[in-house]
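Note sheet for the following structure.
Numbering (UniProt numbering), first residue to last: 1 to 244.
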């Protein structure tokens, strides 16, 4: 009985990594998502910390550490841990009389991309930059490891952690414009035939353009060199920092 209880607890606490998470955690493909949000008011780090304790840290991914070696059967896994939110909310010491705040913020984000996340704690950080720029009174920079999720899932989670200013208990709503498309939006026999003709023409163009693209791709590989552009990588450039 005790063994079954222990096994159940381990099942809850550990979860194996998905193939995508393993890929994003590989040494050759270790990347993070940088999310930038401007605020109309000056940032309040203490209020943000308290809010995160009741929202974001309840998600398993944001309250788990990455164990690449000592998981079940030696496989990488997520292990639940106690989160100290204060260690994840970072407030840099900034001189408010900076001459170019926009350039400072840009340099701060650029340097942030070169610093890896600490694997001894959950793989996310929130930087509260209390500096007035041309676009905001303060800026929140969220750095999340890509193994925690993709852009759409993280944006959905972010919306779930927020509330309306008019109703603090209500979730935010996103307006969606409904569009009618297809045969139902056409009335009459002639219009239906016209829609069918347009659909067939679109499919033929798609097939033709796909064939041309494949042919040009093959010719480029065999006979043509890529055009010299600033985005064209040179040998060894993958080891140098890049900025656009």
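For every residue, glycine included, the Cβ atom is placed at its ideal position computed from N, Cα and C.
Note: residue 138 is bridge-paired with 39 in the DSSP secondary-structure output. Listed in chain order, the non-local C-beta contacts of residue 109 below 8 Å within the same chain comprise 34, 36, 141, local neighbours out to five positions each way being set aside. 8 Å or more divides the Cβ of residue 65 from the Cβ of residue 85. Looking at the DSSP output, residue 143 bridges to 34, 125. When beta bridges are read from the DSSP output, residue 203 appears opposite no residue.
For residue 79, the secondary structure class from DSSP, reduced to helix, strand or coil, is strand. Residue pairing by DSSP places residue 66 opposite 78 in a beta bridge. Taking C-alpha positions only, residue 15 is separated from residue 102 by approximately 41 Å. In terms of Cβ geometry, residue 232 and residue 226 form a close pair [threshold 8 Å].
Looking at the backbone, the Cα of residue 106 and that of residue 202 are separated by about 44 Å.
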